[in-house]
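**Student:**
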Amino acid sequence: MDVEKDKDKLARLKSEIEQLKKEKGAVILAHYYQQGDIQDVADYIGDSLALAQIATKLEEPVIVMCGVYFMGETAKILCPDKTVLIPDANAGCSLADSCDAEAFEKFINEHPDHTVVSYVNTSAAVKALTDVVVTSSNAKKIIDTFPADEKIIFGPDRNLGGYINSLTGRKMLLWDGACHVHEQFSVEKLIELKKAHPEAKVLAHPECKKALIILADKVGSTAALLEYARTSDSKEFIVATESGILHQMERDCPDKTFIPLPPTDSTCGCNDCSFMKLNTMEKLRDCLRDGKPEVIVDPEIVELAVRPINRMLQLCK
Ligand code: 13P
Ligand code: SF4
Numbered sequence: 000m001d002v003e004k005d006k007d008k009l010a011r012l013k014s015e016i017e018q019l020k021k022e023k024g025a026v027i028l029a030h031y032y033q034q035g036d037i038q039d040v041a042d043y044i045g046d047s048l049a050l051a052q053i054a055t056k057l058e059e060p061v062i063v064m065c066g067v068y069f070m071g072e073t074a075k076i077l078c079p080d081k082t083v084l085i086p087d088a089n090a091g092c093s094l095a096d097s098c099d100a101e102a103f104e105k106f107i108n109e110h111p112d113h114t115v116v117s118y119v120n121t122s123a124a125v126k127a128l129t130d131v132v133v134t135s136s137n138a139k140k141i142i143d144t145f146p147a148d149e150k151i152i153f154g155p156d157r158n159l160g161g162y163i164n165s166l167t168g169r170k171m172l173l174w175d176g177a178c179h180v181h182e183q184f185s186v187e188k189l190i191e192l193k194k195a196h197p198e199a200k201v202l203a204h205p206e207c208k209k210a211l212i213i214l215a216d217k218v219g220s221t222a223a224l225l226e227y228a229r230t231s232d233s234k235e236f237i238v239a240t241e242s243g244i245l246h247q248m249e250r251d252c253p254d255k256t257f258i259p260l261p262p263t264d265s266t267c268g269c270n271d272c273s274f275m276k277l278n279t280m281e282k283l284r285d286c287l288r289d290g291k292p293e294v295i296v297d298p299e300i301v302e303l304a305v306r307p308i309n310r311m312l313q314l315c316k
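Under numbering that gives the first Met the number 0, the first residue of the sequence shown carries the number 0, and numbering increases by one thereafter.
#1: Between 213, 211, 247, which has its C-alpha nearest residue 228's C-alpha?
#2: Can you tell me which residues fall inside 5 Å of the ligand 13P, judged by beta-carbon distance to its nearest heavy atom, and keep chain order?
#3: Measure the Cβ-Cβ separation of residue 233 and residue 191 and say whether it is below 8 Å.
#4: Per DSSP, what kind of secondary structure is residue 307 in: helix, strand or coil?
#5: When we look at the beta-carbon of residue 89 and count the other beta-carbons within 10 Å, is it buried (16 or more) or exposed?
#6: Just to confirm, are residue 106 and residue 92 a CB contact at a threshold of 8 Å?
#7: Looking at C-alpha atoms only, which residue of 279, 77, 145 is the closest neighbour of residue 296?
#8: DSSP has residue 132 in a bridge; who is on the other side?
#9: Look up residue 29 in the DSSP assignment and say whether it is helix, strand or coil.
#10: Using the C-alpha atoms, what's the distance from residue 165 back to residue 158?
#11: If I follow the unbroken beta strand (DSSP E) through residue 154, where does it start and stop?
#12: When you compare only the Cα positions, how much space is there between residue 258 and residue 251?
#13: Could you check whether the segment 172-182 touches the segment 199-212, counting it as contact only if at least three pairs of C-beta atoms, one from each stretch, sit closer than 8 Å?
#14: Any residues whose CB sits closer than 7 Å to a heavy atom of the ligand SF4? List them in chain order?
#15: With H, G and I counted as helix, E and B as strand and the rest as coil, what does DSSP make of residue 84?
#16: In angstroms, rounded to a whole number, what distance separates the CA positions of residue 172 and residue 235?
#17: From this set, 312, 62, 133, 231, which residue's C-alpha is nearest residue 255's C-alpha?
#18: For residue 200, which of helix, strand or coil comes out of DSSP?
#19: Between which two residues does the alpha helix (DSSP H) holding residue 103 run?
#20: Distance check for residue 26 and residue 18, CA to CA, integer angstroms please.
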């Protein structure tokens with residue numbers, strides 16, 4: 000009975016969202032960490048890079064970013080004349096929060112001869128201080144475009160920065176930030192799972208700690224991990240990233256098994272990103288109906304932040 004009620008409620012929400020989308024001239028973008036129903040109702044699903052690239056090509060006047068706030072800001076910076084909505088304006092990011100713009104500016108000023116590379120998981124204000132933005136999809140490719148002796152500041156993710164340093168042999172100066180979800184994955188539990196599933200391939204996001212990255216068969220962005228799962232001959236995978244990605248993995252590969260890696264403290268459910276999961280179908284419907292919450296970026300910040308984002312989009316064409 001309750002299951003039937005839930006199905007009816009979901010069907011109603013879906014049809015309201017479809018109707019409002021048409022009425023308002025809106026398009027829905029969703030990140031792979033969104034809850035499954037939101038991914039299913041979205042017009043486009045992608046990793047951070049794809050969502051930014053898609054935003055630049057849209058004709059609709061309203062973009063609803065089902066992701067976290069910095070993703071909405073990136074879309075707004077790239078499309079300042081459009082209205083960018085987000086179902087829950089409190090959907091932040093612990094990694095972006097680990098890099099305060101004022102403190103980052105001080106760090107930059109202490110190293111004046113350095114090029115500043117920032118991960119896309121940053122506030123618009125941090126992007127405005129940056130020479131080039133990267134995502135986990137293109138960080139190595141973009142860093143490789145710099146001469147070997149280029150002095151580089153990389154912020155804010157120490158794990159992604161350390162991983163790129165290890166791949167390239169560079170000594171980029173790293174900001175000491177991290178994501179609370181990816182830092183929580185347990186190496187001990189990974190070793191236990193590998194013993195129990197010796198044929199399973201380990202998929203890890205580069206925001207994970209080095210000890211975990213070393214044990215992975217594939218390290219990459221959410222889109223890269225999904226592509227690896229799709230094209231691999233393996234039938235079992237241990238997944239070390241936010242659990243929302245399992246929705247597309249299971250949809251695209253119904254004959255394969257995906258085992259989410261638990262965090263060290265399994266009682267906290269930390270492999271769900273609490274920020275990503277703030278967005279719900281109800282809030283998505285409401286934001287389409289009410290035209291809020293809207294993502295707002297100061298026009299002066301837009302002017303400065305658009306350059307490093309466009310530089311990234313040019314370099315990774
Ligand atoms: P992707 O760019 O790989 O989608 O990652 C975004 C993110 O927030 C990872 O935690
Ligand atoms: Fe930010 Fe981590 Fe959530 Fe990704 S998983 S949005 S890095 S808090």
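Ideal placement from N, C-alpha and C gives every residue a C-beta, glycine not left out.
**Tutor:** Reading from the atomic positions:
#1: 247
#2: Cβ-based neighbours of the ligand 13P within the cut-off: 46, 47, 134, 135, 220, 221.
#3: Result no, Cβ atoms of residue 233 and residue 191 do not sit closer than 8 Å.
#4: DSSP places residue 307 in helix when its eight states are reduced to three.
#5: exposed
#6: no
#7: 77
#8: 117
#9: strand
#10: 10 Å
#11: Going by DSSP, residue 154 is part of the beta strand (DSSP E) stretching over 151-154.
#12: 15 Å
#13: Taking a contact to require three or more Cβ pairs closer than 8 Å, the segment 172-182 and the segment 199-212 qualify as touching.
#14: Going by the Cβ distance cut-off, the answer is 32, 67, 92, 93, 94, 95, 120, 178, 179, 180, 181, 206, 241, 272, 274, 275.
#15: Of the three classes helix, strand and coil, the one that applies to residue 84 here is strand, per DSSP.
#16: 37 Å
#17: Shortest Cα-Cα distance from residue 255 to any of 312, 62, 133, 231 involves 231.
#18: Residue 200: strand per DSSP, three-state reduction.
#19: Looking at the DSSP string, the run of the alpha helix (DSSP H) that includes residue 103 is 100-109.
#20: 12 Å
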